[in-house]
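**Q**
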Amino acid sequence: MKLTRFYLIGLIAIFCSCSSSNNEDEQEIENEPIETTDDDAKIVWKNWYLSVPLNRGNGSATSIFYQDIVNDRLTDAEAEYFYKNEDGSYTMFTKFTGFTTSGLSELGGKYCRTELREFWRGNQSTSDNWSMSTGTHILESTLKVDFVEGNGRTIVAQIHGKETAGLEGAPATVKIRWNSGTLQIDYYTKPDAGELWTSAFDDKIDVGVVDNEIFTFKIKIEDGKFYYGLVCEAKSINIDYTLIYDYVGNGYAHENYFKTGNYFGWHDDYEKTAQVVLYEVKTEHF
């Protein structure tokens, strides 16, 4: 059994990618040798990276790897988007800048985010992904949304599909959205024959009102099926794992990875902002 737990009470590394189209254009990552060990903190740092909507020099968003977070090497500009708080949590601030992982976007085009991307085996590569057809895969992310300007929407967790051998597309398969205080699940369902897994075939449900309180959202894939759970003590919410959709049973075969953070659903100006605080992240794969 492979078991990996990431606790964000100490430090955390975060990932991101930016796209209004639910497809990601991520790049393979070459990174310096890992300097820390699993004993250095309660998180396995090599299992994540952070992206912030700053130009990395070619019009694409900047990737920040966990060594720079652990060793406090973020620039002043990067630290505007991601910084540690006195209680050990991390603030994830974002706004539309135009810089996404797939390149520069004009207003009204793609969305920007400050978000964690999982490398579940710690291989520091965007080819490091898992399949729904085998094993159990769990994400539990504890967050608080401070504010979301504009339309009031930001995505705080995802299962994202990767373009996989023999398959087209990179679907944003499951999205957990904070919408003016209400948590919503937006999940893709089986497409029509010959079509790709896209938002054209999605369903949406509201699962609870958390407002600006701390909550833990849980995602589980077990036997190819998607379950969710939600805990928010301030709102007396305690929803155990609840079945939503059978992905493998409906032919879904993409490889996947977890994401969590602040994917701001706004691209109408450069002024509106959103801020999420991340307290803890746990993942399990077995």
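Residues in the sequence shown are numbered consecutively from 1075, following our numbering. Think of the CB as a built atom: it goes at the ideal place given N, C-alpha and C, for glycine as much as any other residue.
#1: Along the chain, where does the alpha helix (DSSP H) containing residue 1198 start, and where does it finish?
#2: With residue 1322 as the anchor, note down where its alpha helix (DSSP H) starts and where it stops.
#3: Taking the alpha-carbon of residue 1342 as reference, which of 1247, 1207, 1255, 1180 has the nearest alpha-carbon?
#4: Would the beta-carbon of residue 1335 fall within 7 Å of that of residue 1190?
#5: For residue 1215, tell me which candidate among 1321, 1305, 1313 has the shortest Cα-Cα distance.
#6: If residue 1200 sits next to residue 1243, beta carbons under 8 Å apart, how far is it from one beta carbon to the other, in whole angstroms?
#7: Could you give the residue range of the beta strand (DSSP E) that holds residue 1277?
#8: Straight-line CA distance for residue 1344 to residue 1230?
#9: Tell me the rounded alpha-carbon separation between residue 1209 and residue 1295.
#10: Would you give the residue range spanned by the alpha helix (DSSP H) that residue 1152 belongs to?
#11: Is the number of C-beta pairs between the region 1133 to 1148 and the region 1312 to 1328 that are closer than 8 Å three or more?
#12: Note down the Cα distance separating residue 1124 from residue 1309, rounded to an integer number of angstroms.
#13: Among 1195, 1338, 1225, 1119, which residue has its Cα nearest to the Cα of residue 1254?
#14: Give me the Cα-Cα distance between residue 1188 and residue 1235, rounded to the nearest whole angstrom.
#15: So for residue 1122, helix, strand or coil by DSSP?
#16: So, under 8 Å CB-CB, residue 1175 and residue 1135 are touching, yes? Tell me the CB distance rounded to an integer number of Å.
#17: Apply the 10 Å Cβ neighbour rule to residue 1277 and answer buried if 16 or more other Cβ atoms are within range, or exposed otherwise.
#18: Name the residue from 1162, 1352, 1326, 1286 whose alpha carbon lies nearest to the alpha carbon of residue 1220.
#19: Looking at the structure shown, is residue 1288 part of a helix, part of a strand, or coil, going by DSSP?
#20: Output the distance between the C-alpha atoms of residue 1365 and residue 1186, rounded to the nearest integer angstrom.
#21: Residue 1241 and residue 1328 - do their beta-carbons sit closer together than 7 Å?
#22: Looking at C-alpha atoms only, which residue of 1198, 1356, 1163, 1195 is the closest neighbour of residue 1293?
#23: What is the DSSP secondary structure of residue 1262, reduced to helix, strand or coil?
#24: Rounded to whole angstroms, what's the CA-CA distance from residue 1097 to residue 1126? Just pull it up for me.
#25: In or out: residue 1251 buried (at least 16 other Cβ within 10 Å) or exposed?
#26: Taking Cβ positions, are residue 1203 and residue 1331 nearer each other than 7 Å?
#27: Mind checking which residues open and close the alpha helix (DSSP H) that includes residue 1140?
#28: If you draw a straight line from the C-alpha of residue 1228 to the C-alpha of residue 1351, how long is it?
#29: Looking at the structure shown, is residue 1231 part of a helix, part of a strand, or coil, going by DSSP?
#30: In the structure shown, what three-state DSSP assignment does residue 1239 receive?
#31: Run through DSSP, which three-state label would residue 1215 get?
**A** Let me lay it out:
#1: Counting from 1 along the sequence shown, the entry for residue 1198 is found at position 124. Residue 1198 -> no alpha helix (DSSP H), and no H or E assigned at all.
#2: Counting from 1 along the sequence shown, the entry for residue 1322 is found at position 248. From DSSP, residue 1322 is part of no alpha helix (DSSP H); its letter is neither H nor E.
#3: Along the sequence shown, one-based indexing puts residue 1342 at 268. For the residues 1247, 1207, 1255, 1180, the minimum Cα distance to residue 1342 belongs to 1180.
#4: Translated into positions along the sequence shown, residue 1335 becomes position 261. Translated into positions along the sequence shown, residue 1190 becomes position 116. Yes, these two residues count as a Cβ contact at 7 Å.
#5: In the sequence shown, counting from the first residue as 1, residue 1215 sits at position 141. Nearest option by C-alpha distance: 1305.
#6: On the sequence shown, position 126 is the one that residue 1200 refers to. On the sequence shown, position 169 is the one that residue 1243 refers to. About 15 Å; that fails the 8 Å criterion.
#7: Indexing the sequence shown from 1 puts residue 1277 at position 203. Start and end: 1276 to 1283.
#8: As a working mapping, residue 1344 is identified with position 270 in the sequence shown. As a working mapping, residue 1230 is identified with position 156 in the sequence shown. Answer to the nearest angstrom: the Cα atoms are 21 Å apart.
#9: As a first step, residue 1209 is located in the sequence shown; it is residue number 135 there, counting from the start. As a first step, residue 1295 is located in the sequence shown; it is residue number 221 there, counting from the start. If you take the alpha carbons of residue 1209 and residue 1295, they lie about 8 Å apart.
#10: Locating residue 1152 in the sequence shown gives position 78, counting from the first residue. Residue 1152 -> alpha helix (DSSP H) spans 1150 to 1153.
#11: no
#12: Within the sequence shown, residue 1124 is the residue found at index 50, counting from 1. Within the sequence shown, residue 1309 is the residue found at index 235, counting from 1. Taking the straight line joining both Cα atoms gives about 30 Å.
#13: Sequence index remark: in the sequence shown, residue 1254 carries index 180 (1-based). Of the candidates 1195, 1338, 1225, 1119, the one whose C-alpha sits nearest the C-alpha of residue 1254 is 1225.
#14: Locating residue 1188 in the sequence shown gives position 114, where the first residue counts as 1. Locating residue 1235 in the sequence shown gives position 161, where the first residue counts as 1. Using only the alpha carbons, I get a separation of about 19 Å.
#15: Residue 1122 sits at position 48 when you count from the first residue of the sequence shown. In the structure shown, residue 1122 sits in a strand (DSSP, three-state: E or B).
#16: Residue numbering aside, residue 1175 sits at position 101 when the sequence shown is read from its first letter. Residue numbering aside, residue 1135 sits at position 61 when the sequence shown is read from its first letter. Confirmed, about 5 Å.
#17: On the sequence shown, residue 1277 is found 203 positions in, with the first residue counted as 1. It is exposed - the Cβ of residue 1277 has fewer than 16 other Cβ atoms within 10 Å.
#18: Walking along the sequence shown from the start, residue 1220 turns up at place 146. Of the candidates 1162, 1352, 1326, 1286, the one whose C-alpha sits nearest the C-alpha of residue 1220 is 1286.
#19: For the purposes of this step, residue 1288 is taken as residue 214 along the sequence shown, with counting starting at 1. In the structure shown, residue 1288 sits in coil (DSSP, three-state: anything other than H, G, I, E or B).
#20: Since the first residue of the chain shown is 1075 and the last is 1360, residue 1365 is not available in this structure.
#21: Counting from 1 along the sequence shown, the entry for residue 1328 is found at position 254. Counting from 1 along the sequence shown, the entry for residue 1241 is found at position 167. For residue 1328 and residue 1241, yes; Cβs fall inside 7 Å.
#22: If you number the sequence shown from 1, residue 1293 lands on position 219. The residue with the shortest Cα to Cα distance from residue 1293 is 1356.
#23: Locating residue 1262 in the sequence shown gives position 188, counting from the first residue. Residue state, collapsed to three classes: strand.
#24: Start at 1 with the first residue of the sequence shown, and residue 1097 comes out as number 23. Start at 1 with the first residue of the sequence shown, and residue 1126 comes out as number 52. Because residue 1097 sits at a pLDDT of 43, beneath the cut-off of 50, its placement in the model cannot be relied upon, and the point is left open.
#25: As a position in the sequence shown, residue 1251 is number 177, starting the count at 1. With 16 or more other Cβ atoms within 10 Å, it is buried.
#26: For the purposes of this step, residue 1203 is identified with residue 129 of the sequence shown, where counting begins at 1. For the purposes of this step, residue 1331 is identified with residue 257 of the sequence shown, where counting begins at 1. It is a contact, given that the beta carbons lie within the stated cut-off.
#27: Counting from 1 along the sequence shown, the entry for residue 1140 is found at position 66. Residues 1140 to 1144.
#28: Stepping through the sequence shown from its first residue, residue 1228 is reached at position 154. Stepping through the sequence shown from its first residue, residue 1351 is reached at position 277. Computed Cα separation, rounded: 13 Å.
#29: Looking up residue 1231 in the sequence shown gives position 157. Strand.
#30: The sequence position of residue 1239 within the sequence shown is 165, counting from 1. Coil at residue 1239, not helix or strand.
#31: Here the question's residue 1215 lines up with position 141 in the sequence shown. Residue 1215: strand per DSSP, three-state reduction.
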